[in-house]
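S.K.:
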Amino acid sequence: MAEKADAAVVCRGITKEYGSGATLVRALRGVDLDVYAGELTLLVGPSGCGKTTLLSVIAGILEPTDGMVRVLGADLPRLSAAQKVRFRGQNIGFVFQQFNLLPALSAVENVTVPLILAGWPRRKALPKARELLDRMGMSDRADALPSKLSGGQQQRVAIARALIHDPRLLVCDEPTSALDARTGHTIMELLRDVAMRSGRAVAVVTHDSRVFGFGDRIVQLEDGRVTRVQQQQPEYEGSASADFAAQLSGNASLPTSR
Amino acid sequence: MIWIAWKMLTGNRGKYLGIILGIAFASLLIAQQSSIFCGLMRLTISQIKDIEGADIWVMDQNVQFIDDIKPLSENDLYRVRGVPGVQWAVRLYKGITRARLADGAFQQVILLGLDDATMVGAPREIIVGNLADLRRPDALIMDEAGYQLLWPNEPYELGKTFEMNDRRAVLVGVCKARRTFQTFPIVYTRYSQAVAFVPRERKVLSFVLAQPEPGLDPQEACRRITEQTGLQALTRDEFSWKTIWYFMRKTGIPINFGITVLLGFIVGTAIAGQTFYLFTIENLKQFGTLKAMGAGNLSLMAMILFQALVVGAIGYGLGVGSAAIFGYATRNANKLAFFMPWQVLLGAGIAVLLIAMLSCLLSMRRVLVLEPAVVFQG
Numbered sequence: 331m332a333e334k335a336d337a338a339v340v341c342r343g344i345t346k347e348y349g350s351g352a353t354l355v356r357a358l359r360g361v362d363l364d365v366y367a368g369e370l371t372l373l374v375g376p377s378g379c380g381k382t383t384l385l386s387v388i389a390g391i392l393e394p395t396d397g398m399v400r401v402l403g404a405d406l407p408r409l410s411a412a413q414k415v416r417f418r419g420q421n422i423g424f425v426f427q428q429f430n431l432l433p434a435l436s437a438v439e440n441v442t443v444p445l446i447l448a449g450w451p452r453r454k455a456l457p458k459a460r461e462l463l464d465r466m467g468m469s470d471r472a473d474a475l476p477s478k479l480s481g482g483q484q485q486r487v488a489i490a491r492a493l494i495h496d497p498r499l500l501v502c503d504e505p506t507s508a509l510d511a512r513t514g515h516t517i518m519e520l521l522r523d524v525a526m527r528s529g530r531a532v533a534v535v536t537h538d539s540r541v542f543g544f545g546d547r548i549v550q551l552e553d554g555r556v557t558r559v560q561q562q563q564p565e566y567e568g569s570a571s572a573d574f575a576a577q578l579s580g581n582a583s584l585p586t587s588r
Numbered sequence: 538m539i540w541i542a543w544k545m546l547t548g549n550r551g552k553y554l555g556i557i558l559g560i561a562f563a564s565l566l567i568a569q570q571s572s573i574f575c576g577l578m579r580l581t582i583s584q585i586k587d588i589e590g591a592d593i594w595v596m597d598q599n600v601q602f603i604d605d606i607k608p609l610s611e612n613d614l615y616r617v618r619g620v621p622g623v624q625w626a627v628r629l630y631k632g633i634t635r636a637r638l639a640d641g642a643f644q645q646v647i648l649l650g651l652d653d654a655t656m657v658g659a660p661r662e663i664i665v666g667n668l669a670d671l672r673r674p675d676a677l678i679m680d681e682a683g684y685q686l687l688w689p690n691e692p693y694e695l696g697k698t699f700e701m702n703d704r705r706a707v708l709v710g711v712c713k714a715r716r717t718f719q720t721f722p723i724v725y726t727r728y729s730q731a732v733a734f735v736p737r738e739r740k741v742l743s744f745v746l747a748q749p750e751p752g753l754d755p756q757e758a759c760r761r762i763t764e765q766t767g768l769q770a771l772t773r774d775e776f777s778w779k780t781i782w783y784f785m786r787k788t789g790i791p792i793n794f795g796i797t798v799l800l801g802f803i804v805g806t807a808i809a810g811q812t813f814y815l816f817t818i819e820n821l822k823q824f825g826t827l828k829a830m831g832a833g834n835l836s837l838m839a840m841i842l843f844q845a846l847v848v849g850a851i852g853y854g855l856g857v858g859s860a861a862i863f864g865y866a867t868r869n870a871n872k873l874a875f876f877m878p879w880q881v882l883l884g885a886g887i888a889v890l891l892i893a894m895l896s897c898l899l900s901m902r903r904v905l906v907l908e909p910a911v912v913f914q915g
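As they're listed, the protein sequences go chains V and B.
Using our numbering, the first residue of the first sequence is number 331, and each one after it goes up by one.
Using our numbering, the first residue of the second sequence is number 538, and each one after it goes up by one.
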């Protein structure tokens with residue numbers, strides 16, 4: 331396990347309520363959570379337990395009803411909307427369950443998006459994105475549209491997109507649930523590698539028990555509360571090497587499952 | 538960002554073409570119908586344009602448009618000539634009379650009687666014959682469209698005769714003339730001849746054509762004529778606009794064309810607006826993703842505005858281009874009035890811009906209120 335560093339994310343007493351009166355729903359009920367740099371933290375629990383809501387709060391795209399959220403030293407609820415947008419663009423990488431690649435852009439163009447949003451000119455962003463895809467074993471598919479990529483390849487592109495602007499926190503929502511088991515493992519290895527080697531904090535929401543072994547810490551949520559935090563020695567300690575990348579590229583025709 | 542907006546727009550070809558077609562259709566309808574309207578309005582003043590050589594038209598105070606003839610007395614001509622600043626003034630007869638052709642058929646014609654001495658207002662271009670022949674007895678010159686109407690598919694042949702007011706008329710020439718609103722044949726003759734081609738009336742002088750002294754503003758000359766004679770004196774432009782406004786106010790033409798133009802606008806807005814809105818809704822997740830990744834509302838608004846302006850510009854180009862091609866293709870069709878001045882292009886452009894902006898605003902609203910958290914809803 332990576333050496334423990336300062337907490338990249340500190341949540342204290344987070345509550346999140348939707349609606350009011352008879353329709354009031356308490357998605358989070360006083361959650362305390364720490365996510366450390368260099369670690370892969372898994373947020374697990376049954377559907378509707380509030381893990382995605384918690385991830386959204388950590389990512390600064392959802393306002394908590396109450397509580398303290400400090401991400402990379404910034405007190406998120408106190409930031410203005412514009413500051414929050416800038417903060418997300420500079421510090422957070424996103425990986426989504428359905429990949430959320432822009433279908434009209436090729437793989438490499440998708441990877442450039444965070445840089446373009448940060449104001450990079452396209453001629454500078456494209457070589458950097460191509461280099462990153464190359465390192466992820468995706469160079470031969472860099473110019474393909476997302477519709478021509480397998481689920482695993484799309485998620486790899488999504489991870490490259492999440493990393494291109496060098497964020498310090500990576501938030502991933504069910505990154506393996508749209509993938510078959512083998513590809514899901516490869517993706518988790520990649521995410522773990524990101525946490526270990528670059529010292530980034532990685533928070534992953536999942537209900538896929540097959541990938542629990544990849545986490546440094548497993549935070550279990552139930553009914554909007556953290557019920558258990560388990561520190562563990564991950565099963566995987568190595569690198570998502572070119573072997574995996576090549577493996578994934580070769581799996582372009584593998585069926586995807588949800 | 539603009540590049541991403543462009544890719545998003547063109548990436549969805551079906552919607553992209555749908556929006557463009559909607560706007561192009563609206564633009565075509567607006568430009569084409571407005572051009573036909575302008576063409577019709579232009580027809581109403583074609584004779585004012587055709588009668589060249591005099592800057593001022595003098596007429597009865599109650600005349601509302603060129604075909605609203607209220608005859609003047611011969612004295613009026615001399616009174617106008619006596620106004621200081623008027624270089625010269627001549628008679629003009631204008632009326633509609635009935636021609637009886639050799640085969641016994643009747644046809645209404647527009648009769649123009651030009652000043653015998655000066656021939657002011659003579660046809661601009663004689664196709665067959667000679668203007669000087671108009672001085673021969675019973676002579677007249679007919680416009681080419683009129684000739685083709687009376688003697689279809691026949692080559693131009695001078696010497697043809699017909700009757701007007703039981704008097705023999707001889708064709709001595711064929712000329713070019715702008716088509717009129719009534720679409721009747723136009724025949725030019727001398728003033729003294731014209732009054733013989735119509736039933737006898739006490740007063741027959743339709744208009745006095747006058748020219749101000751060199752260096753005198755025609756409007757000032759008009760003011761002096763009105764002040765001194767009590768007659769209505771207008772410059773050619775003023776008389777043209779007076780005629781156009783009469784048709785605009787007193788006929789249902791603007792309303793009818795206005796309804797079609799409005800329909801074009803509404804249908805265009807509905808098609809383009811709905812398709813653009815659906816396009817945005819389909820892309821909400823993409824906008825949400827961009828929002829989550831750090832795109833601000835201003836950037837997203839700029840993207841949508843850019844997309845709307847692109848489809849607006851292309852649709853506008855296609856629409857007015859098609860309307861122009863339509864106008865060009867039908868330029869020789871006698872029955873179709875089509876005139877596309879720059880004001881039509883500007884008007885259609887503003888309408889299209891409005892359509893694009895309405896579509897854009899509808900879509901922007903959805904994107905602005907979009908919670909980026911939508912990206913985590915698998």
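From the three backbone atoms N, C-alpha and C, an ideal C-beta is built for every residue, glycine too.
Is it true that the segment 367-381 of chain V meets the segment 406-413 of chain V, where meeting means three or more beta-carbon pairs spaced less than 8 Å apart?
M.R.: Counting Cβ pairs under 8 Å, fewer than three are found: no touch.
S.K.: Looking at chain V, is there any beta carbon in it that lies within less than 8 Å of the beta carbon of Thr-826 (chain B)?
M.R.: Yes - at least one Cβ of chain V is within 8 Å of the one on Thr-826 (chain B).
S.K.: Could you check the C-alpha separation between Ala-455 (chain V) and Gly-449 (chain V) for me, to the nearest Å?
M.R.: The straight-line gap from Cα to Cα measures roughly 10 Å.
S.K.: Compare the Cα-Cα distances from Gly-810 (chain B) to each of B:Asp-670, B:Arg-727, B:Val-889 and report the closest residue.
M.R.: Of the candidates B:Asp-670, B:Arg-727, B:Val-889, the one whose C-alpha sits nearest the C-alpha of Gly-810 (chain B) is B:Val-889.
S.K.: Return the chain-ordered list of same chain residues with a C-beta closer than 7 Å to the C-beta of Ser-743 (chain B), the five sequence neighbours on each side being excluded.
M.R.: The residues are Ile-606, Pro-608, Leu-629, Tyr-630, Lys-631, Gly-632.
S.K.: Name the DSSP beta bridge partners of Val-617 (chain B), please?
M.R.: None; Val-617 (chain B) has no bridge partner.
S.K.: Let me check one thing: in DSSP terms, what residues is Lys-631 (chain B) bridge-paired to?
M.R.: Answer by DSSP bridge pairing, in chain order: B:Leu-649.
S.K.: What residues from chain B crowd round Ser-386 (chain V), counting only those whose CB sits closer than 7 Å?
M.R.: Chain B residues near Ser-386 (chain V): Ala-910, Phe-913.
S.K.: Is the CB-CB distance between Asp-364 (chain V) and Ala-337 (chain V) below 8 Å?
M.R.: Yes.
S.K.: Beta-carbon separation of Leu-614 (chain B) and Val-741 (chain B) under 8 Å?
M.R.: No, these two residues do not count as a Cβ contact at 8 Å.
S.K.: With distances taken Cα to Cα, identify the nearest neighbour of Arg-512 (chain V) among V:Asp-503, V:Ala-490, V:Ser-480.
M.R.: Closest option to Arg-512 (chain V), Cα to Cα, is V:Ser-480.
S.K.: Measure the CB-CB distance between Lys-822 (chain B) and Val-911 (chain B) and report whether it falls below 8 Å.
M.R.: Against a cut-off of 8 Å, the Cβ pair of Val-911 (chain B) and Lys-822 (chain B) comes out as a contact.
S.K.: Listing by chain order, which chain V residues have their CB less than 8 Å from the CB of Met-538 (chain B)?
M.R.: Ordered by position in chain V, the residues that pass the 8 Å Cβ test against Met-538 (chain B) are Ile-446, Leu-447.
S.K.: Name the one or two DSSP bridge partners that Ile-593 (chain B) has.
M.R.: Partner(s): B:Ala-747, B:Thr-772.
S.K.: Could you give the distance in angstroms between the alpha-carbon of Met-518 (chain V) and the alpha-carbon of Met-526 (chain V)?
M.R.: Straight-line Cα distance between these residues: approximately 12 Å.
S.K.: Do you know offhand how far Glu-691 (chain B)'s Cα is from Leu-580 (chain B)'s?
M.R.: Answer to the nearest angstrom: the Cα atoms are 26 Å apart.
S.K.: Touch check for the segment 646-656 of chain B and the segment 747-756 of chain B: three-plus C-beta pairs under 8 Å?
M.R.: Taking 8 Å as the limit for Cβ pairs, the verdict is that the segment 747-756 of chain B does not touch the segment 646-656 of chain B.
S.K.: Any beta-carbon of chain B closer than 8 Å to the one on Asp-503 (chain V)?
M.R.: Output row for Asp-503 (chain V): interface = yes.
S.K.: Looking at the unbroken beta strand (DSSP E) that takes in Leu-373 (chain V), where does it start and where does it end?
M.R.: Taken as a continuous stretch (DSSP letters only), the beta strand (DSSP E) holding Leu-373 (chain V) covers 370-374.
S.K.: Measuring straight from C-alpha to C-alpha, what distance separates Met-468 (chain V) and Gln-483 (chain V)?
M.R.: Looking at the two C-alpha atoms, the distance is approximately 8 Å.
S.K.: Going by beta-carbon coordinates alone, are Asp-503 (chain V) and Phe-429 (chain V) separated by less than 8 Å?
M.R.: Contact: no.
S.K.: Please confirm whether Lys-552 (chain B) has its beta-carbon closer than 8 Å to some beta-carbon of chain V.
M.R.: It does not: the Cβ of Lys-552 (chain B) has no partner Cβ on chain V nearer than 8 Å.
S.K.: Kindly say whether Gln-823 (chain B), judged by its beta-carbon, lies nearer than 8 Å to any beta-carbon of chain V.
M.R.: Yes, Gln-823 (chain B) lies at the interface with chain V (some Cβ there is under 8 Å from its Cβ).
S.K.: Mind checking whether Phe-875 (chain B) and Ser-583 (chain B) have CB atoms under 8 Å apart?
M.R.: No, the pair does not count as a contact, with Cβ atoms beyond the cut-off.
S.K.: Would you please verify whether the beta carbon of Phe-424 (chain V) is less than 8 Å from any beta carbon of chain B?
M.R.: Judged by the 8 Å Cβ criterion, Phe-424 (chain V) is in contact with chain B.
S.K.: Ile-560 (chain B): buried (16+ other C-beta within 10 angstroms of its C-beta) or exposed?
M.R.: Buried: at least 16 other Cβ atoms inside 10 Å.
S.K.: What would DSSP say about Ala-659 (chain B), mapped onto helix, strand or coil?
M.R.: If DSSP states are grouped into helix, strand and coil, Ala-659 (chain B) belongs with coil.
S.K.: For the alpha helix (DSSP H) that Ile-548 (chain V) lies in, which residues bound it at each end?
M.R.: No alpha helix (DSSP H) contains Ile-548 (chain V), which is instead part of the beta strand (DSSP E) from 547-552.
S.K.: Determine whether the beta carbon atoms of Gly-833 (chain B) and Arg-418 (chain V) lie at a separation below 8 Å.
M.R.: In this structure, Arg-418 (chain V) does not lie closer than 8 Å to Gly-833 (chain B) by Cβ.
S.K.: Since Met-545 (chain B) meets chain V, which of its residues come closer than 9 Å, beta carbon to beta carbon?
M.R.: What Met-545 (chain B) touches in chain V: Leu-432, Pro-433, Ala-434, Leu-435.
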